[in-house]
Amino acid sequence: MADDLSLKAKRLLATQHSKLLLDEGAVANASRILNEILNWCDNLEFQPGKWLKPNKMYRFDREYITQINQTLLDEGYASIFDNFNQDNHRSAAQRNPNEKQGQLKPTHHLILGAFTDTNTLDVMSQALYSSQQINIELDIRQLALDNFDCLIVVENRDSFNDWFEYKSYTNLSSPLVIYRGDKHHSTACKRLLKNWLSTQGNKFAIYFGDYDLAALRIAISGGYTHLLLPEYQYLVEQCIKQHYPDNQHKYLARLEQNCPEVCQPLLQLMRDKRAGLRQQKMYLTPLLIYPIDY
Numbered sequence: 062m063a064d065d066l067s068l069k070a071k072r073l074l075a076t077q078h079s080k081l082l083l084d085e086g087a088v089a090n091a092s093r094i095l096n097e098i099l100n101w102c103d104n105l106e107f108q109p110g111k112w113l114k115p116n117k118m119y120r121f122d123r124e125y126i127t128q129i130n131q132t133l134l135d136e137g138y139a140s141i142f143d144n145f146n147q148d149n150h151r152s153a154a155q156r157n158p159n160e161k162q163g164q165l166k167p168t169h170h171l172i173l174g175a176f177t178d179t180n181t182l183d184v185m186s187q188a189l190y191s192s193q194q195i196n197i198e199l200d201i202r203q204l205a206l207d208n209f210d211c212l213i214v215v216e217n218r219d220s221f222n223d224w225f226e227y228k229s230y231t232n233l234s235s236p237l238v239i240y241r242g243d244k245h246h247s248t249a250c251k252r253l254l255k256n257w258l259s260t261q262g263n264k265f266a267i268y269f270g271d272y273d274l275a276a277l278r279i280a281i282s283g284g285y286t287h288l289l290l291p292e293y294q295y296l297v298e299q300c301i302k303q304h305y306p307d308n309q310h311k312y313l314a315r316l317e318q319n320c321p322e323v324c325q326p327l328l329q330l331m332r333d334k335r336a337g338l339r340q341q342k343m344y345l346t347p348l349l350i351y352p353i354d355y
């Protein structure tokens, strides 16, 4: 009995099959995915092609790719030519024993929102317990963006959880506050930001994160309209050399070219002092909205 191949392995095989139809000399470069396929074939005691350059270039036999595909089908797995881009795990499970080949992850359409309004907190208190903030997973397909005056995307999860502490130091009404996300919520966050920018006219899209090169790069390249940061003088006095990591220095040259003029003082301060300030050092101080003028 053969195991299933990963989705990446199936894609490689399908790509090679298509290339070989057009060019019998097509090759695949050595990779972890190629090794997965070759090990799978070894377990079934056949070789699907040959190395042209050992551990560098491999040429598949198109007939053997067809044989691999038929073996997968005989075992009840999906074809190498099946497309799971629009499947979630549930729908993929109807087509294939390996439900994880569905490309729409469970959080594909979900963001994490922070709510501190009285009505939401009262419901929370009555149903469970009292809290100063409640975080709720929201379906971006159902969210009425017109109900909010601005969008705030928070970079770090601990700071997102503490939004109720930051908010009293801002002057923002009716914000939609969401977590930028790790691997679980980042896809939906990007989709929501794109939707916000295309549908909400002149409403602010605010990035609230660390004061460093990486955050400035994200805000500018992501199309945000504003940054949320402490007052400039506070940054001058409080920025820390340890918060300017060496692995971010690679962003400086591009930022010097692309940084809008209105943001240049923020960039120059970081560059000249080789210092920054992480979000966790921004408690208990006024937060200002810095425009990003494109």
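Under this note's numbering, the first residue of the sequence shown is numbered 62, with each subsequent residue one higher.
Cβ coordinates follow ideal geometry from the N, Cα and C atoms, glycine included.
Quiz item: Can you tell which of LEU348, SER67, ASP84 and LYS117 has the C-alpha that lies nearest to the C-alpha of LEU233?
Solution: Taking only the C-alpha atoms, the option nearest LEU233 is LEU348.
Exercise. Check whether the Cβ atoms of LEU274 and LEU316 sit closer than 8 Å, and answer yes or no.
Key: Yes, they are a contact pair.
Quiz item: Is PRO321 near ASP354, with beta carbons less than 8 Å apart?
Solution: Here PRO321 is near ASP354, since their CB atoms are less than 8 Å apart.
Quiz prompt | Residues near ILE98 in its chain [Cβ-Cβ closer than 6 Å; skip 5 each side] | solution = These residues qualify, in order along the chain: ALA70.
Self-check item: Paired residues, beta bridge with PHE225 - DSSP
Solution: PHE225 pairs with nothing; no bridge assigned.
Practice problem: In angstroms with no decimal places, state the Cα-to-Cα distance between LYS311 and TYR285. | Solution: 21 Å
Self-check item: Helix, strand or coil at TYR344 according to DSSP, with G and I counted as helix
Solution: coil
Practice problem: Assign ARG241 to buried or exposed, taking buried as 16 or more other Cβ atoms, counted over all protein chains shown, within 10 Å of its Cβ. | Solution: buried
Quiz item: Would you say the stretch 286-299 touches the stretch 253-266, given that touching needs at least three Cβ pairs under 8 Å?
Solution: yes
Self-check item: SER79 versus TYR119: straight-line alpha-carbon distance, rounded
Solution: 15 Å
Quiz item: Is there contact between the stretch 202-214 and the stretch 235-254, where contact requires at least three CB pairs shorter than 8 Å?
Solution: Contact holds: three or more Cβ-Cβ distances are below 8 Å.
Exercise. Mind reading off the beta-carbon distance from ASN196 to LEU173? Whole number of angstroms is fine, and I expect it under 8 Å.
Key: 6 Å
Quiz prompt | LYS264 (DSSP reduced to helix, strand or coil) | solution = coil
Quiz item: Going by other Cβ atoms of all chains shown within 10 Å of its Cβ, with 16 needed for buried, is GLN340 buried or exposed?
Solution: A residue is called buried when at least 16 other Cβ atoms come within 10 angstroms of its Cβ; GLN340 meets this threshold and is buried.
Exercise. Quick one: using the 10 Å Cβ neighbour count with 16 as the cut-off for buried, is PRO138 buried or exposed?
Key: The residue you asked about is not Pro; residue 138 is Tyr in the sequence shown. Under this definition TYR138 is a buried residue.
Quiz item: What is the DSSP secondary structure of TYR125, reduced to helix, strand or coil?
Solution: helix
Quiz item: Under the rule that 16 or more other beta-carbon atoms within 10 Å means buried, what is ASP271, buried or exposed?
Solution: A buried status is given to ASP271, since no fewer than 16 other beta-carbon atoms sit within 10 Å of its beta-carbon.
Practice problem: Can you have a look at GLN203 and say buried or exposed, based on whether 16 or more other CB atoms are within 10 angstroms of its CB? | Solution: The residue is exposed, with fewer than 16 neighbouring Cβ atoms inside 10 Å.
Practice problem: Counting only the same chain and skipping the five closest in sequence on each side, list residues whose C-beta sits under 7 Å from that of ILE94. | Solution: LYS69, ALA70 and LEU73
Quiz prompt | Buried/exposed call for TYR293, threshold 16 Cβ in 10 Å | solution = Residue environment: TYR293 is assigned as exposed (fewer than 16 neighbouring CB atoms within 10 Å of its CB, all protein chains considered).
Quiz prompt | Distance CB(ALA175)-CB(GLN194) smaller than 8 Å | solution = yes
Practice problem: Would you mind listing the alpha helix (DSSP H) stretches within the stretch 270-299 that are 4+ residues and don't spill past its ends, in chain order? | Solution: Within the stretch 270-299, the complete alpha helix (DSSP H) runs of at least 4 residues are 274-282 and 293-299.
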